[in-house]
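Heads up, the sequence shown is in the working numbering, so the first residue is 8 and it goes up one at a time. Backbone N, C-alpha and C define an ideal beta-carbon position, used for all residues, glycine too.
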Amino acid sequence: MRSLLTLALMLAASAASAAPDLPRPPNAGPPPPPLPMRPPLPTVRSEAVTRIVQYGPPPGVAHCGGRNVGVARNAPFAPEVSVAYLPVGSAPDTPGRGDRNLSAVTFGIDAKGAPIDVRRADDAPASEDMLAALARWRFMAGAPASDCRVEVSQTYTPLTKAPTALLLEVVALRKREALTPVRSAISARGDCGRSPRRIPAITSYPDLRSFTGRDFSAPWAGVLYDIDAEGEVQNVRIATQGGDPVLADLAAASIADSRFHSGKAVKGCYAVFSVRPETVEATAKAYPKPPSPSKERDCSDVKAAALNLSIQRSYPSAFARQAVEGWALIEFDIRADGRITPVNIVAAQPSAAFGTAARNMLASARPDTSVWDRKGCLIPVTFAMNAVTED
């Protein structure tokens with residue numbers, strides 16, 4: 008039966024292909040013109056342009072749901088790197104899509120004056136570094152406040168137009184980051200970074216241990232210097248600094264004591280120095296009331312130590328730079344094969360960044376076999392600065 012059907016289809020197709028084209032009726036008129044081709048859309052090529060974001064002075068009060076709460080301790084927001092994608096050939100100072108003239112942070116304040124629930128404002132979202140910096144602030148103690156907001160102005164400066172002192176400040180305060188475009192821009196203003204580079208013979212380092220973790224606004228410095236043909240360091244100058252000026256003096260003195268192997272004289276060498284600020288302890292662990300126990304919960308003996316968590320690798324980087332501690336309350340199951348899933352954030356302070364970090368850390372953890380196959384685990388994860396190695 009199938010073969011007969013196939014044969015019939017083949018005969019029908021053959022007859023259709025053999026049929027001649029029917030002539031057009033004499034009164035049909037000329038054939039319609041072909042549809043016009045739409046012109047191709049113009050292609051706009053873009054290129055990445057690196058800028059430096061600078062923030063205005065920090066305010067002295069927070070606006071909290073109709074009342075003002077005074078600031079007890081704060082510090083200026085540090086400059087940051089921003090990348091805009093502009094049409095090829097645009098002037099470097101062309102505004103980028105999404106550029107704004109201010110950023111805002113929303114938060115609450117507990118009875119001791121510590122910020123809680125720190126997050127970006129929807130209408131003027133701030134960077135993660137701004138959130139971490141504000142988490143360091145302290146406000147006047149008193150009745151807890153909610154619906155608080157702090158705004159700060161911001162401007163963008165193209166990398167090519169940024170002062171060398173500003174670029175050095177960016178590198179000094181982010182010494183763990185590559186910041187290749189910024190470092191290249193500094194080096195391009197001299198010839199120290201060009202090949203062949205001068206090779207150190209004696210490198211002197213300042214002892215900055217007494218500054219580490221001491222001040223609310225930690226000191227930092229950017230130093231410029233030249234090297235003569237014999238390897239002597241010359242023209243050492245402190246290009247920029249912040250906080251205790253003694254650190255900058257020690258940094259400059261250590262550079263002056265260094266020596267290089269002989270070679271071509273160069274100018275515009277640089278070095279940056281900074282230390283960790285005073286640690287801001289985590290806000291009080293006001294955990295929400297946990298769900299009522301049920302038969303599904305079997306985690307009474309599961310402790311954080313058995314989960315083999317790595318706080319060092321998971322610490323939110325912006326908050327580590329600001330030495331801000333935090334915590335998260337996490338709920339999860341441990342499967343029979345040791346995988347931790349699902350992982351839910353129950354609470355986190357002073358920012359949701361600690362909850363996200365704890366969730367990601369647990370999702371990739373490999374717990375001890377003794378705690379496999381458990382359900383309904385609920386544990387706090389504490390992010391403390393003593394778990395973060397200093398540079």
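Tell me which residues share the same chain as residue i and place their Cβ nearer than 6 Å to its Cβ, disregarding the 5 neighbours each side in the sequence.
i: serine 211; result: Ser261, Asp264 and Ser265
i: glycine 275; result: Arg196, Gly197 and Cys199
i: alanine 258; result: Pro213, Ala228, Val230 and Phe280
i: valine 4; result: Because the chain here runs from 8 to 398, residue 4 falls outside it and cannot be looked at.
When DSSP labels each residue in this structure, what does residue i get in the three-state scheme?
i: alanine 355; result: strand
i: isoleucine 206; result: coil
i: threonine 101; result: coil
i: threonine 50; result: coil
i: arginine 143; result: helix
i: asparagine 393; result: helix
i: phenylalanine 361; result: helix
i: asparagine 367; result: helix
i: phenylalanine 223; result: coil
i: valine 253; result: helix
i: lysine 274; result: strand
i: serine 301; result: Any reading at serine 301 must be qualified, since the residue scores a pLDDT of 49, below 50, and its modelled position is unreliable; no value is offered.
i: serine 153; result: strand
i: valine 178; result: helix
i: aspartate 106; result: coil
i: arginine 58; result: strand
i: proline 387; result: strand
Out of the options, point me to the one whose CA is closest to residue i's CA.
i: proline 101; options: Leu93, Asn108 and Arg107; result: The question names proline, yet the displayed sequence has threonine at residue 101. Ranking the options by Cα distance to threonine 101, first place goes to Leu93.
i: aspartate 251; options: Ile234, Asp235 and Ser281; result: Ser281
i: glycine 3; options: Pro357, Asp124 and Ile352; result: Because the chain here runs from 8 to 398, residue 3 falls outside it and cannot be looked at.
i: serine 110; options: Pro66, Thr389 and Glu176; result: Pro66
i: alanine 150; options: Ala179, Leu173, Thr171 and Asp117; result: Asp117
i: valine 350; options: Ala327, Thr57, Leu385 and Leu141; result: Leu385
i: serine 321; options: Lys292, Val388, Asp308 and Val287; result: Val388
i: threonine 50; options: Met147, Val68 and Val95; result: Val95
i: alanine 330; options: Phe114, Leu141 and Gly72; result: Leu141
Looking at chain B, is there any beta carbon in it that lies within less than 8 Å of the beta carbon of residue i?
i: methionine 368; result: Absence of chain B from the displayed structure is noted, only one protein chain being present.
Looking only at its chain, what residues have a beta carbon closer than 8 Å to the beta carbon of residue i, apart from the 5 residues adjacent to it on each side?
i: arginine 107; result: Ala131 and Gln161
i: isoleucine 347; result: Leu314, Phe339, Asp340, Ile341, Leu369, Ala370, Ala372 and Pro374
i: valine 273; result: Gly197, Asp198, Cys199, Arg201, Arg205, Asp233 and Ile234
i: glutamate 237; result: Ser269
i: leucine 173; result: Ile59, Gln61, Pro86, Thr164 and Thr247
Just mark residue i as buried or exposed, buried being the case when its beta carbon has 16 or more other beta carbons within 10 Å.
i: proline 284; result: buried
i: glutamine 241; result: exposed
i: glycine 362; result: buried
i: isoleucine 209; result: exposed
i: isoleucine 193; result: buried
i: leucine 42; result: exposed
i: alanine 79; result: exposed
i: leucine 316; result: buried
i: alanine 312; result: exposed
i: serine 358; result: buried
i: arginine 45; result: exposed
i: serine 153; result: exposed
i: glutamine 248; result: buried
i: asparagine 393; result: exposed
i: threonine 187; result: exposed
Leaving out the 5 sequence neighbours to the left and right, which residues in its chain are closer than 7 Å to residue i when beta-carbon positions are compared?
i: methionine 8; result: Because the pLDDT at methionine 8 is just 46, under 50, the model does not fix this residue reliably, and the point stays unresolved.
i: threonine 290; result: Asp117, Ala121, Ile123, Gln356 and Pro357
i: leucine 14; result: Because leucine 14 sits at a pLDDT of 47, beneath the cut-off of 50, its placement in the model cannot be relied upon, and the point is left open.
Using 8 Å as the Cβ pair cut-off and three pairs as the minimum, do the segment 83 to 93 and the segment 123 to 138 touch?
yes
Could you tell me whether the segment 333 to 347 touches the segment 374 to 382, where touching means 3 or more Cβ pairs closer than 8 Å?
yes
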